[in-house]
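What the sequence shown shows, in full-length UniProt numbering, is residues 1 to 110, in sequence order. Idealized CB from N, CA, C, for every residue including glycine. Small disclaimer: the values here were computed from a predicted structure and weren't measured. Notes follow the structure.
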Amino acid sequence: MIEGKYVRRIAPIINTQAVGNSATLAAMHVSEDRIEEVSQVINGYSGVSHNYLRKGKNKELPLNIWFTMSAPSKEKLEENIKEIEDRTGFTVRMLPTTKKFKIGVKFKIY
């Protein structure tokens, strides 16, 4: 399935809070000419599990890079986010989970 490009990878999804870690959804507004560079900085952190380029449709706050990051503690998470800001020169908006809404999908894996 990987060779057919139906599946990129199979990996566990860790409940970060259950194991004592901290996580956040984060977003940035990055100029078009720096998207590749900034994406490489973000992807250099082991706690990043997703990193997407989106069209920032909100003209007042056109966020175009969205990523999720986790770390062993809230302090380390904030330190990593600050480091990304310092290394790129762009502000990172942290959007932590306040309430989870599960859709209840269960798959039988053989």
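Counting only runs of at least 4 residues, the region 7-87 fully encloses the following alpha helix (DSSP H) elements, listed from N- to C-terminal order: 35-43.
In the three-state reduction of the DSSP assignment, V92 falls in the strand class, which pools E and B.
In this structure A27 touches L95 by the C-beta definition: roughly 6 Å separates them, less than 8 Å. T97 has its alpha-carbon roughly 22 Å from the corresponding atom of F90.
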